[in-house]
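K.L.:
At position 256 of the sequence shown the residue is numbered 256 (full-length UniProt numbering), and the sequence of numbers has no breaks. Where a beta carbon is used, it is the ideal one built from N, C-alpha and C, also for glycine.
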Amino acid sequence: MGEEAGWETFAVMNPDWSEKVCANGANSTTRTQHDKEEFCGRPLGLRFHRETGELYVADAYYGLMIIGRSGGVATSLAREAGGDPIRFANDLDVHKNGSVFFTDTSMRYSRKDHLNILLEGEGTGRLLRYDPGTGAVSVVLQGLVFPNGLQISEDHQFLLFSETTNCRIMRYWLEGPRTGELEVFANLPGFPDNVRSNGKGQFWVAIDCCRTPAQEVFAKRPWLRTAYFKFPLTLKMLTRRATTRMHTMLALLDGEGRVVEVLEDRGREVMKLVSEVREVGRKLWIGTVAHNHIATVPYPLDD
Numbered sequence: 001m002g003e004e005a006g007w008e009t010f011a012v013m014n015p016d017w018s019e020k021v022c023a024n025g026a027n028s029t030t031r032t033q034h035d036k037e038e039f040c041g042r043p044l045g046l047r048f049h050r051e052t053g054e055l056y057v058a059d060a061y062y063g064l065m066i067i068g069r070s071g072g073v074a075t076s077l078a079r080e081a082g083g084d085p086i087r088f089a090n091d092l093d094v095h096k097n098g099s100v101f102f103t104d105t106s107m108r109y110s111r112k113d114h115l116n117i118l119l120e121g122e123g124t125g126r127l128l129r130y131d132p133g134t135g136a137v138s139v140v141l142q143g144l145v146f147p148n149g150l151q152i153s154e155d156h157q158f159l160l161f162s163e164t165t166n167c168r169i170m171r172y173w174l175e176g177p178r179t180g181e182l183e184v185f186a187n188l189p190g191f192p193d194n195v196r197s198n199g200k201g202q203f204w205v206a207i208d209c210c211r212t213p214a215q216e217v218f219a220k221r222p223w224l225r226t227a228y229f230k231f232p233l234t235l236k237m238l239t240r241r242a243t244t245r246m247h248t249m250l251a252l253l254d255g256e257g258r259v260v261e262v263l264e265d266r267g268r269e270v271m272k273l274v275s276e277v278r279e280v281g282r283k284l285w286i287g288t289v290a291h292n293h294i295a296t297v298p299y300p301l302d303d
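#1: By how many angstroms is the C-alpha of ARG282 removed from the C-alpha of MET1?
#2: Can you check DSSP and say which residues form a bridge with TYR130?
#3: By the three-class DSSP mapping on this structure, what secondary structure does SER293 have?
#4: Per DSSP, what kind of secondary structure is ASP84 in: helix, strand or coil?
#5: Look at the alpha carbon of ASP84 and the alpha carbon of THR105, and state the distance between them as a whole number of angstroms.
#6: Tell me whether the stretch 65 to 76 and the stretch 106 to 114 touch, counting them as touching only if at least three CB pairs, one residue from each stretch, are closer than 8 Å.
#7: Reducing DSSP to helix, strand and coil, say where LYS283 ends up.
#8: Does the pairing of the stretch 151 to 166 with the stretch 187 to 205 give three or more beta-carbon distances under 8 Å?
#9: Report buried or exposed for TRP7, applying the criterion of at least 16 other Cβ atoms within 10 angstroms of its Cβ.
#10: Which whole runs of the beta strand (DSSP E) in the stretch 23 to 71 are 3 residues long or more, in chain order?
#11: Less than 7 Å between C-beta atoms, sequence neighbours within five positions excluded: which residues of the same chain meet that for LEU118?
#12: If I follow the unbroken alpha helix (DSSP H) through LEU77, where does it start and stop?
#13: Alpha carbon to alpha carbon, how far is ILE152 from SER138? Give it in angstroms, no decimals.
#14: So, at 7 Å on beta carbons, what are the nonlocal neighbours of TRP17 in its own chain, with the 5 sequence-adjacent residues on each side left out?
#15: Taking the alpha-carbon of LEU284 as reference, which of LEU115, GLY125, LEU263 and LEU150 has the nearest alpha-carbon?
#16: Which residue spans inside the stretch 181 to 210 form an unbroken beta strand (DSSP E) run of at least 3?
#17: Can you tell me whether DSSP reads MET1 as helix, strand or coil?
#18: If the criterion is Cβ atoms closer than 8 Å, does the pair GLY45 and ASN90 meet it?
#19: Mind reading off the beta-carbon distance from PHE102 to TYR130? Whole number of angstroms is fine, and I expect it under 8 Å.
#20: Here's a check: name, in chain order, each residue in its chain whose Cβ is nearer than 7 Å to the Cβ of GLY176, leaving out the five neighbours to either side.
#21: Going by beta-carbon coordinates alone, are ARG47 and TYR56 separated by less than 8 Å?
#22: ASP59 to ASN148, Cα distance in whole Å?
#23: Roughly how many angstroms separate the alpha carbons of MET249 and MET13, rounded to a whole number?
#24: When the Cα atoms are used, what is the spatial distance from LEU301 to ARG278?
#25: How should HIS293 be labelled, buried or exposed, when 16 other C-beta atoms within 10 angstroms of its C-beta is the threshold for buried?
#26: Could you name the residues that DSSP lists as bridge partners for VAL94?
#27: Can you give me the C-alpha to C-alpha distance between GLU38 and ASN24, rounded to a whole angstrom?
#28: Quick one: grab the DSSP three-state call for GLU122.
#29: With distances taken from CA atoms, which of VAL280, GLY123, LEU92 and ALA290 is nearest VAL297?
#30: Excluding the 5 residues flanking residue 305 on each side, which residues of the same chain have their C-beta closer than 7 Å to its C-beta?
#31: Roughly how many angstroms lie between the CA atoms of HIS49 and ALA5, to the nearest whole one?
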């Protein structure tokens, strides 16, 4: 701490990673680094193994990776599953038996083209499982619509994952009499990203809110959405029209998907395009894909 506090490069995905190419200081943002992602890597999900201290990484371009306790260059664990490439590894969590569950958002599009997945309603996403004992990767679920953030419950009975396009959280049972069953855990007013446990049997969900009337129409009429995106306009323009004035919402859900608390930043003063919220101590740590910083908010707010 003290003079030593601050950020430093702990690990990289590519042995040829370059500070000059891949890191741009205070100017390093998604927009400025967009065309370098495939080379530099784009780590989206991070989880420490509680026993070994190793860091598992879901990188959008390099697949499932692992980093030793001292950092350095990540080691590749999986780049394909079921005979198909892992095109868009997104988030992960580690089960108590050592298995790593992770999402592959699309079999057609990479992260650079993620808006195509969202706007088309494309549904080729997968839930995958890595077995550290054998190194094998199995397909647990497929045909998912933008599977994104993932969280295993505290008792390891089930896992949750967000289906961003469908604006909902799904629950997949890992143990018990309902093993293998998939169900809707919570329907949401906006587009969820990561899901994180608060260690108390509850789950924080980062949401870009809210669905516009146009998006509601598209959700119910896929054919109309397809026709709309065939218009001779740029994807950027179409995206702007479809997502105007999105704001941050943080939702706390209980173990059955019921809403415990909702925090909103309608003025987009704290963060926009929120990606994750973690409750640590008496603070919420908030991440985003739009800024090059992390926000913190005292919690509970009425303290």
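P.N.:
Straight from the coordinates:
#1: As a position in the sequence shown, residue 1 is number 1, starting the count at 1. As a position in the sequence shown, residue 282 is number 282, starting the count at 1. Residue confidence for MET1 is low, a pLDDT of 45 falling below 50, so the modelled location carries little weight and cannot support an answer.
#2: One-based indexing of the sequence shown puts residue 130 at position 130. Within the DSSP secondary-structure output, TYR130 pairs in a beta bridge with VAL100 and VAL137.
#3: Start at 1 with the first residue of the sequence shown, and residue 293 comes out as number 293. Note on identity: in this sequence residue 293 is His, with Ser being the wrong assignment. Coil, per DSSP.
#4: Counting from 1 along the sequence shown, the entry for residue 84 is found at position 84. DSSP places ASP84 within a strand segment (E or B) once states are collapsed to three.
#5: Against the sequence shown, residue 84 aligns to sequence position 84. Against the sequence shown, residue 105 aligns to sequence position 105. Roughly 13 Å separates the two Cα atoms.
#6: Short answer: they don't touch.
#7: Stepping through the sequence shown from its first residue, residue 283 is reached at position 283. Looking at LYS283 - three-state DSSP - the assignment turns out to be strand.
#8: Look at the beta carbons and you see the stretch 151 to 166 touching the stretch 187 to 205: at least three pairs across the two are nearer than 8 Å.
#9: One-based indexing of the sequence shown puts residue 7 at position 7. Its Cβ having fewer than 16 others within 10 Å, TRP7 is exposed.
#10: Correct list: 43 to 48, 55 to 59 and 63 to 67.
#11: The residue given as residue 118 occupies position 118 in the sequence shown. Hits under 7 Å: PHE146, THR164 and THR165.
#12: Residue mapping note: residue 77 aligns to position 77 of the sequence shown, counting from 1. Not the alpha helix (DSSP H): LEU77 falls in the beta strand (DSSP E), residues 75 to 78.
#13: Here residue 138 corresponds to residue number 138 of the sequence shown, with the count starting at 1. Here residue 152 corresponds to residue number 152 of the sequence shown, with the count starting at 1. Their Cα atoms are separated by approximately 17 Å.
#14: For the purposes of this step, residue 17 is taken as the residue at position 17 of the sequence shown. Cβ neighbours of TRP17 beyond the five flanking positions: CYS40.
#15: What you label residue 284 is simply residue 284 of the sequence shown in a count that begins at 1. Across the set LEU115, GLY125, LEU263 and LEU150, the C-alpha of LEU263 shows the shortest separation from the C-alpha of LEU284.
#16: Correct list: 182 to 187, 191 to 197 and 203 to 209.
#17: For the purposes of this step, residue 1 is identified with residue 1 of the sequence shown, where counting begins at 1. In this prediction, MET1 scores a pLDDT of 45, lower than 50, which makes its location untrustworthy; the coordinate-derived value is nonetheless stated afterwards. The DSSP-derived three-state label of MET1 is coil.
#18: Along the sequence shown, one-based indexing puts residue 45 at 45. Along the sequence shown, one-based indexing puts residue 90 at 90. Yes.
#19: To locate residue 102, count along the sequence shown from 1; it is residue 102. To locate residue 130, count along the sequence shown from 1; it is residue 130. Rounded, the Cβ-Cβ distance is 7 Å, consistent with contact.
#20: Locating residue 176 in the sequence shown gives position 176, where the first residue counts as 1. GLN157, listed in sequence order.
#21: Indexing the sequence shown from 1 puts residue 47 at position 47. Indexing the sequence shown from 1 puts residue 56 at position 56. At a Cβ-Cβ threshold of 8 Å, ARG47 and TYR56 count as neighbours.
#22: Stepping through the sequence shown from its first residue, residue 59 is reached at position 59. Stepping through the sequence shown from its first residue, residue 148 is reached at position 148. Approximately 12 Å between the Cα atoms of the pair.
#23: In the sequence shown, counting from the first residue as 1, residue 249 sits at position 249. In the sequence shown, counting from the first residue as 1, residue 13 sits at position 13. Linking MET249 to MET13 through their CA atoms gives a straight-line distance of about 31 Å.
#24: Translated into the one-based positions of the sequence shown, residue 301 becomes position 301. Translated into the one-based positions of the sequence shown, residue 278 becomes position 278. Going from the Cα of LEU301 to the Cα of ARG278 covers about 15 Å.
#25: Residue numbering aside, residue 293 sits at position 293 when the sequence shown is read from its first letter. So HIS293 ends up on the exposed side.
#26: Within the sequence shown, the letter at position 94 stands for residue 94. According to DSSP, VAL94 shares a beta bridge with VAL100.
#27: What you label residue 38 is simply residue 38 of the sequence shown in a count that begins at 1. What you label residue 24 is simply residue 24 of the sequence shown in a count that begins at 1. Rounded to whole angstroms, GLU38 to ASN24 spans 16 Å at the Cα level.
#28: Numbered from 1 along the sequence shown, position 122 holds the residue referred to as residue 122. DSSP places GLU122 in the coil class of the three-state scheme, outside both helix and strand.
#29: As a first step, residue 297 is located in the sequence shown; it is residue number 297 there, counting from the start. If we check each option's Cα against that of VAL297, VAL280 comes out closest.
#30: Because the chain in this structure spans residues 1 to 303, residue 305 falls outside the shown range and cannot be described.
#31: Your numbering for residue 49 matches position 49 in the sequence shown. Your numbering for residue 5 matches position 5 in the sequence shown. Approximately 24 Å, taken between the alpha carbons.
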